[in-house]
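One structure is given here, and the rest of the page talks about it.
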Amino acid sequence: MASVALGTKSVGSIVKLKENGAAVNYIVVHQGKPSSIYDSSCDGTWLLRQDIAENRVWDDGNVNKLESSDIHSYLNNTWINRYDTDIRNAIKQVKIPYRQNGGSGGTDRTGANGLSCKIFLLSGYEVGFTTSVNQYFPVDGAKLAYFLSGNDSAAQQKRVAKLNGSATNWWLRSPNAGDTNYVWFVGSVGDYNVWYANGSYGVRPALVLPSTLLVSDDGSISTNTAPTTPPSITIPSSISGGSTITVSWGASTDAEGNLEGYIVEKSVDGGSQWSQIYQGSALSTTNTVTFGTPTVMYRVKAYDSEGLESGYKTSNQVTVINNTAPSAPPSITVPLTVIGGESLTVTWTASSDTDGNLEGYILQRKVGTGEWTQVFQGNALSYQDTITKGWTSVQYRVAAYDTYDAQSAWTTSETRTVDNNTAPVITCDTPSGSDLGTKSSGFTVNYSVDDADGDDVTVTEKMDSTTKRTFEATLEATNQFQVTGTYFQQLLNGQHTMKMKATDAGGKSVEHTLLFTKSVTALSITLAEAMEADAQITIAALSVSGDIPADANYQVLLTNNANDTEPVWEDATTEVKNGSNYLFENQSAQNGFAFNFKVIASRGSSGIGGYISSIQGGFQ
């Protein structure tokens, strides 16, 4: 006998289930999940006993609470055992919509909150009654496809059922939403009414079977089901003529556990004709695509030990690329020195393509003994990469590809060892390269040196091209580049370059450069604090050393009452120039006698600069 899937039977069809060994007619009342208010477990073929099985009490306690009712317990603990074992095991455990806690004060539960069961009574909504028919129908389902909505004669006729050849009343699972005792039932003519739960009316068991079960031409249901259609089939998105590809697919399932294998077929004409390329239990196979093939597609089906077959899972159709791949890039170049934490540029030479459709290049990188990873794709012939500090080694390879994604062989570089020594860092408030502007007096630049690796660091300070000092730096400590005193004075007017260079033990170095312009055309030198005397100061001698141009405006002033509010300054320029003593004219001091001097000089008409290196002398 021929067999078809239960899920293909039309609504209203009659199928047969054995009850205690005798075949009984069941109506297909719905295919699939009735609506969104049902749990996914309700997705299958809904069957309703054609005739009333017997009269039974809904609940002996006269309470319309379905979940604790006698009828619910009876159907799922006693009645279910009438079915053959294979059918009983195939019946789906479903969660049906119901009125939780009975009619008055109860709550309509749907979806995953439905009542778990295998055998159940239909609800008012499922047979076509709604709150628009009677306000006390709970919303415990949706109309099944077999029934009609409303209460006209056509709808009523769909609901009529017989017991021992005579139409009679049969229970629904729906309580009256207005009380705790009444339950809805279908009348003998297909209308609706309510009665006490402890009344005795007809029982029409309903159940849901997997749609994959088989139905023979006499209506008998077999539990041997065909395998499921393989969930997926995978082929390369790009296929070149003459290449061998891998076709793979997802595993099917079989409810009876008798899955035998798979059949794979190929089409080169868009699916008009198919040829078998594989049969067996594996989940992949290889196939060679002949050069010149225009298109290719594949399909796979599963079969079981009884000869039942699943549907086909078909791949996308792929246009075969019948062109030649580009040549491999002739060379790839990586710098000899690779430093962790810094960048490098990888370059390669251009490939050729006989088809003239070269598209670009793929660059991959391998770190240490790791896997190759792509870092670049495009039409450039170079790529700047960043080397992560801590890598031990790095290697690159490049391949060309064309507009059809045909790829050349790889061209691979030498492996480069990564130098992970980090150069020192110089920190200064003024950025390197800055111009400090014009300086007319000595100054100091503060800076510090650090090294991420903790290496010893040697610092060299240079003024222009001359080394000022070299020292071993204390990391993070403040250092001073001093351009003061005589050192400043001896610098010529004009622009000067200050350079701090830090070099670590690994040979890495960093420089910090600052510019400034010295412009000193005049000076005034005096003691910060006067020199006090015990008695009147009458004579003094002063010697000024250095390089003072002859045309410089040069003056030496002396005072013997330096602590007074208005000291008397006396011009001793001639005596100092001649190297002779100076005799003070002032003989009074309000705050005691005290000595000080002023040496004042400015550039003369020649513009020639000079300096003073020392001032010495004495007084009495």
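Number 280 in this note's numbering belongs to position 280 of the sequence shown; there are no gaps in the numbering.
Just so you know, even glycine gets a beta-carbon here, dropped at the ideal spot from N, CA and C.
Just so you know, these numbers come straight off a predicted model, no measurement behind them.
Look at TYR447 and PHE481 and say whether their C-beta atoms are less than 8 Å apart. A contact, by the Cβ cut-off of 8 Å.
Exposed or buried, what is GLY12 when buried is set at 16 or more other beta-carbons lying within 10 Å of its beta-carbon? exposed
Helix, strand or coil for LEU344 per DSSP? Here LEU344 sits in strand by DSSP.
Residue environment, GLU623, which counts as buried when at least 16 other CB atoms sit within 10 Å: The shown model of the chain, from 1 to 620, leaves out residue 623, and the question about it has no answer.
GLU67 lies in the beta strand (DSSP E); which residues open and close that run? GLU67 -> no beta strand (DSSP E), and no H or E assigned at all.
Under 8 Å between the Cβ atoms of ASN379 and ASP355? no
Which residues bound the beta strand (DSSP E) around GLN100? 98–100
Relative to the alpha-carbon of CYS117, which residue among GLN135, GLY103, GLY128 and LYS92 has its alpha-carbon at the smallest distance? LYS92
With a threshold of 16 other CB atoms inside 10 Å of the CB of MET1, please say whether the residue is buried or exposed. Since pLDDT at MET1 reaches only 41, below the 50 mark, its modelled position is unreliable, and the value read off the structure follows with that caveat. Answer is exposed; the Cβ neighbour count stays below 16.
With H, G and I counted as helix, E and B as strand and the rest as coil, what does DSSP make of THR444? strand
Check the DSSP bridge columns for GLY202 and list the partner residues they point to. ASN55 and TRP170
Between the region 337–354 and the region 296–308, can you find at least three pairs of beta-carbon atoms closer than 8 Å? Three or more beta-carbon pairs separated by less than 8 Å are not found between the region 296–308 and the region 337–354, which leaves the two stretches without contact.
Looking only at DSSP bridge pairs, what is ARG397 linked to? GLN364 and THR412
What residues match up with SER682 in a beta bridge as DSSP calls it? Nothing can be reported for residue 682: it is not among the residues displayed for the chain, which extend from 1 to 620.
Identify which residue in ALA177, ALA423, THR430 and GLN156 has its Cα closest to the Cα of ASN134. ALA177
Going by C-alpha to C-alpha distance, which of SER509, ASP464, LEU558 and ARG99 sits closest to VAL568? LEU558
Within the continuous alpha helix (DSSP H) that includes ASP86, where are the two ends? 85–90
Contacting residues, own chain, Cβ-Cβ under 7 Å from GLY32 (five flanking each side not counted): Correct list, in chain order: ASP43.
Please say whether LYS158 and LEU172 have beta carbons closer to each other than 8 Å? no
SER580: buried (16+ other C-beta within 10 angstroms of its C-beta) or exposed? exposed
8 Å is my cut-off, CB to CB: does LEU214 come that close to chain D? You won't find chain D in this structure, because it holds only one protein chain.
Check SER272 in the structure and name its three-state DSSP category. Three-state result, SER272: coil.
Do VAL375 and GLN384 have their CB atoms nearer than 8 Å? no
If we count the other Cβ atoms within 10 Å of its Cβ and call it buried at 16 or more, is ASN665 buried or exposed? With the chain covering only 1 through 620, there is no way to say anything about residue 665.
Tell me, to the nearest whole angstrom, how far the beta carbon of ASP450 is from that of PRO326; I am working on the premise that it is less than 8 Å. Not a contact, Cβ separation roughly 49 Å.
Do you know whose CA, among ALA53, TYR262 and ALA154, lies nearest LEU75's CA? Ranking the options by Cα distance to LEU75, first place goes to ALA53.
So who's on the other strand from ILE193, going by DSSP bridges? Note on identity: in this sequence residue 193 is Asn, with Ile being the wrong assignment. According to DSSP, ASN193 bridges with PHE185.
Nonlocal neighbours in the same chain, by C-beta distance under 7 Å from THR180, ignoring five residues either side: VAL63, ASN64, GLY102, GLY103 and SER104
Going by C-alpha to C-alpha distance, which of THR444, THR538, GLU566 and ASN493 sits closest to THR478? THR444
So, do the region 239–255 and the region 276–295 have three or more beta carbon pairs nearer to each other than 8 Å? Touching, yes, given that three or more Cβ pairs across the two stretches are closer than 8 Å.
Can you list, in chain order, the residues of its chain with a C-beta nearer than 8 Å to that of LYS389? Leave out the 5 residues immediately preceding and following it. Excluding positions up to five away in sequence, the list reads GLY340, GLY341, ASN420 and THR422.
Just to confirm, are TYR303 and GLU265 a CB contact at a threshold of 8 Å? no
Hey, out of TYR582, THR228 and THR438, whose CA is closest to GLN495's CA? THR438
Ignoring anything shorter than 3 residues or poking outside the region 294–320, list the beta strand (DSSP E) runs there in chain order. 295–304
Give me, in chain order, the residues of the same chain whose beta-carbon lies closer than 6 Å to that of VAL160; leave out the 5 immediate sequence neighbours on both sides. ALA167 and GLY190
What did DSSP end up calling LYS577 once you bin it into helix, strand or coil? helix
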